[in-house]
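*Asks:* All residue numbers for the sequence shown refer to the numbering used here, where the first residue is 709 and numbers rise by one. Beta carbons are placed, not taken as given, at the ideal position from N, Cα and C, and that holds for glycine. Quick caveat, the model's predicted, so the values are computed rather than measured. Pasting in a structure now, in structure tokens, and then I'll have a few things to ask.
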Amino acid sequence: MELSEEITIPAPIAKVYDSLNDIAILKACIPGCEELVKHSDTELEARVVLKIGPVKAKFSGTVTLDTTHAPDRFSLAGAGDGGIAGFAKGGADVELAADGENTLLRYSAKAETGGKIAQLGSRLITSTARKLSRAFFENFEKIMRGEMSIDAGDGDTTSATA
Numbered sequence: 709m710e711l712s713e714e715i716t717i718p719a720p721i722a723k724v725y726d727s728l729n730d731i732a733i734l735k736a737c738i739p740g741c742e743e744l745v746k747h748s749d750t751e752l753e754a755r756v757v758l759k760i761g762p763v764k765a766k767f768s769g770t771v772t773l774d775t776t777h778a779p780d781r782f783s784l785a786g787a788g789d790g791g792i793a794g795f796a797k798g799g800a801d802v803e804l805a806a807d808g809e810n811t812l813l814r815y816s817a818k819a820e821t822g823g824k825i826a827q828l829g830s831r832l833i834t835s836t837a838r839k840l841s842r843a844f845f846e847n848f849e850k851i852m853r854g855e856m857s858i859d860a861g862d863g864d865t866t867s868a869t870a
């Protein structure tokens, strides 16, 4: 499955990049995030609860960042284990470009699933992934606009059905 999108964030590149590396902001933006721990500048660990169609699972996983070309470009790779529900792994490339006083954020992501969640079908999984990524960036944009507080991420299970 592949996803890509382009959004405009109302802040300069440096602030957007710093915010995308702020654990409190990320935790508030990630749907269903219960815990997010930064082990180093390039390694994070997360626990997220999601409901994908009829399957509800708690995923524990790691994310590795490649910031070689930061702040203009960076990439991430991650893998999560949902126990009997299965697993998910993938990565994303993110590009930040100045657009006046704003920042144009483009991302391209790839993911694959296995186990019980993979049996739900690619349409449901792709639809769910799009909904979750849209929710993340909508939350991020609201935080950057000052329309949502960082502690607004309540850790509730995110239900994503097509």
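Tell me which same chain residues have a C-beta within less than 7 Å of the C-beta of phenylalanine 782, skipping the five on either side of it?
*Replies:* Answer for phenylalanine 782: Leu773, Asp774, Thr775 and Val802, listed in chain order.
*Asks:* Please report the residue range of the alpha helix (DSSP H) in which lysine 766 lies.
*Replies:* From DSSP, lysine 766 is part of no alpha helix (DSSP H) but of the beta strand (DSSP E) over 763-774.
*Asks:* What residue does the beta strand (DSSP E) around leucine 784 start on, and which one ends it?
*Replies:* Run containing leucine 784: 781-789, per the beta strand (DSSP E) assignment.
*Asks:* So, leucine 744 versus leucine 734, is the Cβ gap smaller than 8 Å?
*Replies:* Against a cut-off of 8 Å, the Cβ pair of leucine 734 and leucine 744 comes out as a contact.
*Asks:* What does the Cβ neighbour count give for alanine 736, buried or exposed, with the cut at 16 atoms within 10 Å?
*Replies:* Buried, because 16 or more other Cβ atoms sit within 10 Å of the Cβ of alanine 736.
*Asks:* Taking only three categories from DSSP, how would you classify isoleucine 717?
*Replies:* Here isoleucine 717 sits in strand by DSSP.
*Asks:* Taking the straight line between their C-alpha atoms, what separation do you get for phenylalanine 845 and lysine 839?
*Replies:* Going by the C-alpha atoms only, they are around 10 Å apart.
*Asks:* Is leucine 711 helix, strand or coil when you go by DSSP?
*Replies:* Residue state, collapsed to three classes: strand.
*Asks:* State the start and end residues of the unbroken alpha helix (DSSP H) segment that holds alanine 732.
*Replies:* Note, alanine 732: alpha helix (DSSP H), 731-737.
*Asks:* Residue range of the alpha helix (DSSP H) that glutamate 743 falls in?
*Replies:* Here glutamate 743 belongs to no alpha helix (DSSP H); instead the beta strand (DSSP E) covers 741-746.
*Asks:* Determine the contact status of threonine 770 and leucine 784, defining contact as a CB-CB distance below 8 Å.
*Replies:* No; because the gap between Cβ atoms is not below 8 Å, this pair is not in contact.
*Asks:* Nearest by alpha-carbon distance to alanine 719: which of Lys764, Ala806, Thr821 and Glu710 is it?
*Replies:* Ranking the options by Cα distance to alanine 719, first place goes to Ala806.
*Asks:* Looking only at its own chain, which residues have a Cβ that is under 6 Å from the Cβ of isoleucine 731, when we skip the five neighbours before and after it?
*Replies:* Taken in chain order, the residues that qualify are Leu744 and Lys746.
*Asks:* Where do the N-terminal and C-terminal ends of the beta strand (DSSP E) with lysine 824 fall, by residue?
*Replies:* From DSSP, lysine 824 is part of no beta strand (DSSP E); its letter is neither H nor E.
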